[in-house]
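**Q** Letter by letter, the sequence shown follows residues 71 to 141 of the working numbering. The structure under discussion is supplied below as structure tokens; questions concerning it will follow.
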Amino acid sequence: MAGKKVKIINFVKTIFQQIISDMYIIDSSKTPKPSETVSEYLRRLRESANISQQDLAEAAGIHLSVMYQFE
Numbered sequence: 071m072a073g074k075k076v077k078i079i080n081f082v083k084t085i086f087q088q089i090i091s092d093m094y095i096i097d098s099s100k101t102p103k104p105s106e107t108v109s110e111y112l113r114r115l116r117e118s119a120n121i122s123q124q125d126l127a128e129a130a131g132i133h134l135s136v137m138y139q140f141e
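Listed below in structure tokens is the structure:
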């Protein structure tokens, strides 16, 4: 169970690092919209990269059900 928590924490950390780095790039399609939740923002970024939830979950080393919870 501890290993799973570490994977989730690392996944979230990676996502937020990407969000922060994306915010420094002036590209309105990659910045959060004022009314957008974190889940909506993550989903929009994933979809704009044409990555499925399954592929992202596998790449992050987490179960697909965890990916569903993020979105």
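Glycine included, C-beta positions come from ideal geometry on N, C-alpha and C.
Between the C-alpha atoms of Ile-118 and Lys-100, what's the straight-line distance to the nearest angstrom?
**A** Just to set this straight, residue 118 is Ser in the shown sequence, not Ile. Cα-Cα distance, rounded: 9 Å.
**Q** Between the C-alpha atoms of Val-76 and Ser-135, what's the straight-line distance to the nearest angstrom?
**A** Roughly 16 Å between the two C-alpha positions.
**Q** Can you tell me which of Gln-139, Gln-88 and Phe-81 puts its alpha carbon nearest to the alpha carbon of Ala-130?
**A** The option with the nearest alpha carbon to Ala-130 is Phe-81.
**Q** Around the C-beta of Ile-121, are 16 or more other C-beta atoms found within 10 angstroms, so that it is buried, or is it exposed?
**A** Counting Cβ neighbours within 10 Å, Ile-121 comes out exposed, since fewer than 16 surround it.
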